[in-house]
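K.L.:
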Amino acid sequence: MNNKTIYALSTFYGQSSVAIVRISGPESLIVAKKLCNLKNIKPRYANFCKLIDRKGKVFDEGLAIYFKKPNSFTGEDVLEIQIHGGIVVINKLIEELSKLKNLVPAKPGEFSQRSFLNSKQNLMYFEGVNNLIAAESENQLLIANRQAFGFKKNPTLKWKKKILEIKAVINAEIEFSDDLDDKTTISNLKKDIKKLRTEILKVISLSKSIDKIKYGHKVIFLGPVNTGKSSLLNFLFQENKSITSRYKGTTTDQIEYSLNLLGEKVTFVDSAGIRDSKRFVEQEGVKKTISNINSDNNFILTLSPEILSDNNLNSIDNLISRIFKKRFIIVLNKTDLSSSKLRFDNFKKRHPRIPNSKYFEISCKKHYSNAEKLKSFKDFIYQKLLKTNININDDIYFSEIRHYKCLENINIKLDLALDNIEEIEIASNFIDEALYELDDIFGRHDKEEELDIIFRKFCIGK
Ligand SMILES: Nc1nc2c(ncn2[C@@H]2O[C@H](COP(=O)(O)OP(=O)(O)OP(=O)(O)O)[C@@H](O)[C@H]2O)c(=O)[nH]1
Ligand SMILES: [Mg+2]
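Our numbering applies: residue 324 is where the sequence shown begins, and numbers increase by one.
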C-alpha cells in the first residue's frame, strides 16, 4: 500500500471554465479540511467550498467530491477539487498542495497504476482508456472502446476456457492413462491445440492489420516541381498551409499536416518537387522526397500539363516505376489550362498499365471553393489509398506491441506442448505456461518495472 498521497491537475492546463485537480491517498481528507475548509465532507457528494491558502485567505470557490476508499477510481481515498480554470488559480492550488506534508506530485499514469494495483480493473482496461483519450479518429475510438469496455467479449476468455479444458484432459491422461485410449486422446489433444493456435494466429494478424488505423495513414504528395502539390494540399485543408508560388522549387522541406478524413487519421506530407537543382536547400529537400519513395506509405503523384513535355517524360516514367507497386493515385492538375486535355490524354496512352480509376483530374485554381469537388477528392483518397478490407467490427481487441507479444508467447508455449505431446507431463508444463502468458494480457503477473513502463506512457493526472 502506498502511504504517499499524490496530486495532479487532471484537466487541460490553460484557460477554461473549470479545472479538476485530483488527489489520491490517505491525506485526501486532510486536504479537504485544510484547503477546502470542509471538516465533515460527505462522500460522493458535490460539496461547495471556498479554497483557502496557508494564510487563511480565500483564493477561489469550487466543488470538492470525496470518494471514500475502496469505492474510488484508485481504490484509495480520493478527493477531486473543481476550481475555476485559470492558470494562476491552478498554480495556486498546486502550490498549496505541494506545501502539505506527505503529498507528492503524481507521475504520469500514477492514478491508473494505483487503481490497477488495487485490482480495480485489468491492464487492458487502462490501456484502452488511455487510447480512448488519445484517439484522433472514430475508428481509433471504436477500438479503444472495445479494449476498455469489451472485457466480456474479449476472445482471451474463450481461449482460457479452452486451455483449461486441454489441461483437464492432460491431467486425466497423466493420472488414468491405463484406463484411457491413449491414441485417441493424444490425437484429440493435438487437434484442439492446433485449432487454438490457428485461431490465435488469425487474431494476431487481424490485430496487426489495423496498425494503420491506430497510428494513422501517411499520404505523400509527390511529383515534379510546380505541378501544384502544395496547392492541392491547401485545397484539401481549405487553408493556406503550404506556400505556393509560380517559382519552381517553392517547397524545399517536408511539411506534415494531419486531418481526420472520413473517420481515418491521415497525415499528409507536402514535399519538395523532384528536379535537379543547384540550390543546396532544395537538393536536401529532394533527397528527403526520394528517400520517402522507399517508405511503406501512400502517394499522390501530382502532374500538370506544362510538366508533361517530351524532355520530362522519362524522369516521370522513372518515378512511376518506383511507386508502381505501392498504393498511389495520380492527380492531373490544372485542367483549366488549354493544353491539359491533349497532354493528359497522351500521358494516359503512354501508361496503359495504369488503370483509369487511378486518375483524378482537377484544377486547384478553378475548384478551390468547390465543395462537391472537395468531397469527391476526399472520397477518392479514401477509396484508393486508405480503405482496407478489415471490418473494424471484427474481433479486434489488441493493438499494443505488449498484446502481440503475449499472444505470440502463448503460441510458442502451445507449439512446445504440441512438440512434446507424447511426453505428456512435459506438455502439461507448457500448457500451464501458456495459461500464465494468457493472464499476462490483463497484467496479472506484470513486474513492477514493466508496469512503470506501461503507465508512464499515460498522461499526468490519469
Ligand atoms: N492555372 C493553374 N495554376 C495552378 C493550379 N494549381 C496550382 N497552380 C499554380 O501553379 C504554381 C505552382 O503551384 P504549387 O502549388 O506551388 O506547386 P508545387 O508542386 O507545390 O511546386 P514546388 O513546391 O515548387 O514543387 C502556382 O503559381 C500555383 O498558383 C491550377 O489548377 N491551375
Ligand atoms: Mg510546393
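Ideal placement from N, C-alpha and C gives every residue a C-beta, glycine not left out.
1) Alpha carbons only, please: which of PHE667, ASN394 and LYS657 is nearest the one belonging to ASP633?
2) Helix, strand or coil: how does DSSP classify LEU545 here?
3) Between LYS537 and ILE466, which are expected to be in contact by the criterion C-beta below 8 Å, what is the C-beta distance as a whole number of angstroms?
4) Is ILE613 near ligand 1 - that is, is its Cβ less than 8 Å away from at least one heavy atom of it?
5) Check whether the region 695-705 and the region 582-598 are in contact - that is, three or more C-beta pairs closer than 8 Å.
6) Whole angstroms is fine: what's the gap from LYS770's alpha carbon to LEU529's?
7) Do three or more CB pairs link the region 607-621 to the region 486-496 at distances below 8 Å?
8) Skipping 5 residues on each side, what residues in its chain have a beta carbon closer than 6 Å to that of LYS443?
9) Tell me, which residues are paired with CYS329 by DSSP?
10) Within its chain, find whatever has a CB closer than 6 Å to the CB of VAL604; leave out the 5 residues flanking it on each side and keep chain order.
11) Considering only their Cβ atoms, is the gap separating ILE346 from LEU426 smaller than 9 Å?
12) Please find out if some non-hydrogen atom of ligand 2 comes closer than 8 Å to the beta-carbon of THR658.
13) Smallest Cα separation from SER351: which of ILE652, GLN338, LEU423 and THR711?
14) DSSP three-state call for CYS372: helix, strand or coil?
15) Between which two residues does the beta strand (DSSP E) harbouring SER581 extend?
16) Ligand 1 heavy atoms versus the CB of ARG854: any closer than 8 Å?
17) Report the three-state DSSP secondary structure of LYS365 (helix, strand or coil).
18) Would you call the region 728-741 and the region 509-521 in contact, with 3 or more CB pairs under 8 Å?
19) Where does ILE677 fall in DSSP's three states?
20) Looking at LYS430 and ligand 2, is the gap between the Cβ and the nearest heavy atom below 8 Å?
21) Indicate, with yes or no, if ligand 2 has a heavy atom lying under 8 Å from the CB of GLY451.
22) Spatial neighbours of GLY348 within its chain, please: CB distance less than 7 Å, with the 5 preceding and 5 following residues excluded, ordered by chain position.
23) Terminal residues of the continuous beta strand (DSSP E) containing ARG650?
24) What does the alpha-carbon distance come out to for the pair PHE472 and LYS485?
25) With respect to 8 Å, is the separation between the Cβ of SER565 and the closest non-hydrogen atom of ligand 2 below this value?
26) Going by beta-carbon coordinates alone, are PHE765 and GLU433 separated by less than 9 Å?
27) Going by CA-CA distance only, name the one from VAL452, LYS356, ALA355 and ASP383 that's closest to VAL341.
28) Leaving out five residues before and five after PHE753 in sequence, what residues of the same chain have Cβ atoms less than 6 Å from its Cβ?
29) Would you call the CB atoms of GLY539 and GLU459 closer than 9 Å?
30) Can you give me the Cβ contacts of ILE744 inside the same chain, cut-off strictly under 8 Å, excluding the 5 residues immediately before and after it?
31) Tell me the DSSP bridge mates of LEU386?
32) Cβ atoms of ASN656 and LEU555: under 9 Å apart, would you say?
33) Roughly how many whole angstroms lie between the Cα atoms of LEU559 and GLU684?
34) Please classify LEU361 as buried or exposed, where buried requires at least 16 other C-beta atoms within 10 Å of its C-beta.
P.N.:
This is what the structure holds:
1) PHE667
2) strand
3) 7 Å
4) no
5) yes
6) 28 Å
7) no
8) GLY398
9) Per the sequence shown, residue 329 should be read as Ile rather than Cys. Bridge partners of ILE329: SER347 and VAL427.
10) THR575
11) yes
12) no
13) LEU423
14) strand
15) 578-584
16) In this structure the chain extends from 324 to 785, so residue 854 is not present and cannot be described.
17) coil
18) yes
19) coil
20) no
21) no
22) ASN325, LYS327, THR328, ILE329, GLU399 and ASP400
23) 650-655
24) 23 Å
25) yes
26) no
27) ASP383
28) LYS736, LEU739 and ALA740
29) yes
30) ILE509, LEU512, LYS513, ILE516 and ALA750
31) PHE371 and GLN405
32) yes
33) 14 Å
34) buried
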